[in-house]
Structure formats: C-alpha cells, structure tokens
Amino acid sequence: MPGESIRFLNRADVAVCLSKMDATEVVAQTLRDHTLGRTELPAEGYLSWSNSVGAYSRAIAMLGAVPSGGAMSYGMKLINASVSNPARGLERAGGLSFAFDPETARPAVVAEAGLLSAVRTAAYTVVSLRELGPESFGEVSLIGTGTLARVHLDAITASFPAVRRAYVHDLDPVRAAAFRDDLRGRSGLEIVVVDSAERAAGAAPVLVTVTTSNDPYIPARWLTAGQFVAHVSLDDLTEDAFRSAEAIFVDDLELIRENPRRIMGRLLQEDAVGDPPSLGEVLIGRQAARRPDRGYVISNPFGMAVLDVALIHAVAGVARETGGGQLLDLL
1 MPGESIRFLN
11 RADVAVCLSK
21 MDATEVVAQT
31 LRDHTLGRTE
41 LPAEGYLSWS
51 NSVGAYSRAI
61 AMLGAVPSGG
71 AMSYGMKLIN
81 ASVSNPARGL
91 ERAGGLSFAF
101 DPETARPAVV
111 AEAGLLSAVR
121 TAAYTVVSLR
131 ELGPESFGEV
141 SLIGTGTLAR
151 VHLDAITASF
161 PAVRRAYVHD
171 LDPVRAAAFR
181 DDLRGRSGLE
191 IVVVDSAERA
201 AGAAPVLVTV
211 TTSNDPYIPA
221 RWLTAGQFVA
231 HVSLDDLTED
241 AFRSAEAIFV
251 DDLELIRENP
261 RRIMGRLLQE
271 DAVGDPPSLG
281 EVLIGRQAAR
291 RPDRGYVISN
301 PFGMAVLDVA
311 LIHAVAGVAR
321 ETGGGQLLDL
331 L
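Under this note's numbering, the sequence shown is numbered contiguously, ending at residue 331.
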C-alpha cells in the first residue's frame, strides 16, 4: 500500500501564506462565482450543547465546492465555539479547515481555521465597504475587541488608508484597554475606547459588530444617516434597526432564511424586510449598489462555506509552492 500524508498548517503557517496572496480578491471572485451558480453549497451540519458551566457551545461543519482553474475544488471548515472560552483565556471559536484531493477525496491539507475564518469574514466586510460603504471615511467603530476585531481593523486600514481613528467598545473594559494598548501607534492609527455600546454605535460612519451576543441590543435610534453597518456577528441589531434600514445586503438569501436562530432569518421567514439583494449580485451588476445617504445601509452576511473553501485552497496552493507547513504521515 502506498504511503499517505497530509500537509498541516498551524496559525503561523497560515499567516505566512495569507501574506503572499490577496484574500479580498479570493472572496470577491467566489461571491461572483456563487451568484452565477458555479459553486456547490450543501446544508451545514450543526450541533449545540451546554458545557459544564452552562455556556452555549456548538460545532458547525461547512462543506463546499468552488471552481478553480477549469475544475472544482472541494473542502470543509469545522468551526467550534463556546461563549465561555474567553473566560478560559481562549478565543471564542476555533477549528480546522480542510482542502480535499479531487481525485482521491482524501483531505490533502488541514489548517488552523480560526485565523482563516476571521480573514474570510474581514475580507467580506472590505468587499462590501468598497461597493456599499460611504464614498469616503476616516473613522470606524468596532463593538467587540477579540480576534475578529483585530483582523477587521488590519484589513480595513490596509484597504482604506484614510482611516486614522477607531472607536472600540467591549463589555470587558480590561480587554478593550488591552486592545487599544496592543494597537497603539500602528501606522498612526488612534484607538479610542468608549464606555458604552451606544456611543460606539454612533461614533463613526462605519460600524462593525464583532461580538458573541445572542440578544439584540442596537436599535435604529443609535444609528445615523450616512452610516454603513457591517453586522458581522450573531444578533447585535434589533428588529427595528433592520426594518428602518435604507438598504440591506446579504451573502446568500436562502441560507439566511433557512436559519431562524438568527434575527435576520426570522425576519425573512416573516417577510418583514422583503428579499434583500446579495453582495454577489452587486459585484456582477445584477443589482445596483446602494451607499448610505439619508439613512444607513446594513451588510448582513451569514457566512458561506464556499468562501472558506476557496480561501483554504488558495492558502494550500501557496503552501505547496513554498513548502509551508508540515507533511504528516497517515500510514
């Protein structure tokens, strides 16, 4: 029997590979492909439980296939989370991403998924800002100061160099202060910690929610005309915030509609906000872009496995070319 091996990439390996590619363009192209029906997006597997301290915990298995060089690439992200992890000194979510060999169907590359997932999400936000955000802006607000906030701030400032100030808020003031201190002085960026979610929500023309909240808390009255809201995390915006929006854009309408665990899914099932267009439709010219004017615009991605699969395959390609990661014998 021939030997069999798998290439393993830890977070540092993933970071090196990501530095050699354009994750934002990978995400943008995959959104186009998905909108044109060139991808495969099966239903995700979902399992939830309460851990020993009663905290919500879950596992999500996300499979997908994307076009690549005239063929299809296949893979999966397994991303697990517990809301009590930060109190244990762990990131809320973590897991593994897999790139499959299309001939043998074996996992060929496995990589730490936490950074990949955060970069995928931030890249989606950057694409949405380019197409739907304010024409110009120099400040952003972030609610939540975990890994996702850090990756978002890096991606936004890299793509929008006019950004010079970030307002941040976290339920844990110590974590918010540490976030500020860690990033102080980066490329001249000023980090301002604010003492309430309400102040953070209205402080800048771009608001990014990166929390673990399952309880909506941002009403329409906290938001301002001309503002773009990247509703990245679970359930930060209230029903009236969605209902009062100038426009809403999603990643995949049916994917969101099929999940009433999240507020946008419930609103779609109730036909309370119509059928919002997708960012992919904007990218291919099927729907017109709508930037905030007299009201605010919401970007509400659910998180599509095809974006993760495209990204892990792009990272895997860089790793093979550069010899990154470790080859582990399976037999």
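Every residue gets a Cβ at the ideal spot worked out from N, C-alpha and C, and that includes glycine.
Helix, strand or coil at residue i according to DSSP, with G and I counted as helix
i, result
"Gly285", "coil"
"Asp308", "helix"
"Met1", "Legend: pLDDT at Met1 = 46, less than 50; position of this residue unreliable, no value from coordinates given."
"Asn85", "helix"
"Pro161", "coil"
"Ala65", "strand"
"Glu44", "coil"
"Ala166", "strand"
"Arg58", "strand"
"Phe8", "strand"
"Asp172", "coil"
"Val297", "strand"
"Gly37", "coil"
"Leu90", "coil"
"Asp329", "strand"
"Leu78", "strand"
"Ala15", "helix"
"Ala314", "helix"
Whether residue i touches residue j by CB criterion (8 Å)
i, j, result
"Ala158", "Ala123", "no"
"Arg313", "Ser73", "In the sequence as presented, Arg is not what sits at residue 313; that position holds His. A contact, by the Cβ cut-off of 8 Å."
"Pro134", "Phe228", "yes"
"Ile6", "Ala105", "no"
"Ala289", "Leu63", "no"
"Glu4", "Leu330", "yes"
"Asn259", "Glu112", "no"
"Ile218", "Glu239", "no"
"Leu18", "Val119", "yes"
"Arg165", "Glu190", "yes"
"Val309", "Gly75", "yes"
"Gln269", "Arg257", "yes"
"Pro102", "Ala71", "yes"
"Ala183", "Leu153", "The sequence shown places Leu at residue 183, rather than the Ala named in the question. Yes, the pair counts as a contact, with Cβ atoms nearer than the cut-off."
"Glu246", "Pro292", "yes"
"Gly324", "Asp13", "yes"
"Ala241", "Thr125", "no"
"Leu216", "Val250", "Before going further, note that residue 216 is Pro rather than Leu in the sequence given. Against a cut-off of 8 Å, the Cβ pair of Val250 and Pro216 comes out as no contact."
"Ala55", "Ser84", "yes"
"Ala81", "Leu311", "no"
Anticipated Cβ contact below 8 Å, residue i with residue j, distance rounded
i, j, result
"Tyr46", "Arg38", "Not a contact, Cβ separation roughly 25 Å."
"Val127", "Ala28", "5 Å"
"Leu41", "Ser141", "At roughly 32 Å, the Cβ-Cβ gap does not stay under 8 Å, so Leu41 and Ser141 are not in contact."
"Thr35", "Ile284", "5 Å"
"Ala225", "Arg320", "Between Arg320 and Ala225 the Cβ distance is about 49 Å, and since that is not below 8 Å, they are no contact."
"Lys77", "Ser117", "7 Å"
"Phe98", "Val110", "5 Å"
"Val194", "Tyr167", "5 Å"
"Val66", "Val318", "Contact flag wrong, Cβ pair sits at about 16 Å."
"Asn214", "Asp181", "That pair is no contact at about 29 Å."
"Leu267", "Phe8", "Leu267 to Phe8, Cβ: 41 Å. No contact."
Proximity test, Cβ basis, 8 Å: residue i and chain C
i, result
"Ala230", "Absent here is chain C; the protein component of the structure consists of one chain."
List, from N- to C-terminal side, the beta strand (DSSP E) runs of 3 residues or more that fit wholly inside the segment 193 to 277. Listed in chain order, the complete beta strand (DSSP E) runs (minimum 3 residues) inside the segment 193 to 277 are 206 to 209, 228 to 231, 247 to 250.
Sufficient close CB pairs (3 or more, under 8 Å) joining the segment 85 to 93 to the segment 188 to 205: Touching, no.
Which runs of the alpha helix (DSSP H) fall wholly inside the segment 92 to 153 and span at least 4 residues, in chain order? If we require 4 residues or more, the alpha helix (DSSP H) runs fully inside the segment 92 to 153 come out as 113 to 132.
Do the segment 199 to 216 and the segment 172 to 180 make contact, defined as three or more Cβ pairs closer than 8 Å? They do not touch, by the three-pair rule.
Segment contact flag, the segment 143 to 151 with the segment 300 to 314, C-beta cutoff 8 Å, min 3 pairs: Flag = no, the segment 143 to 151 and the segment 300 to 314 do not touch.
Cβ contact check for the segment 18 to 32 and the segment 279 to 293: 3 or more pairs under 8 Å: Contact between the segment 18 to 32 and the segment 279 to 293 is present, with at least three C-beta pairs closer than 8 Å.
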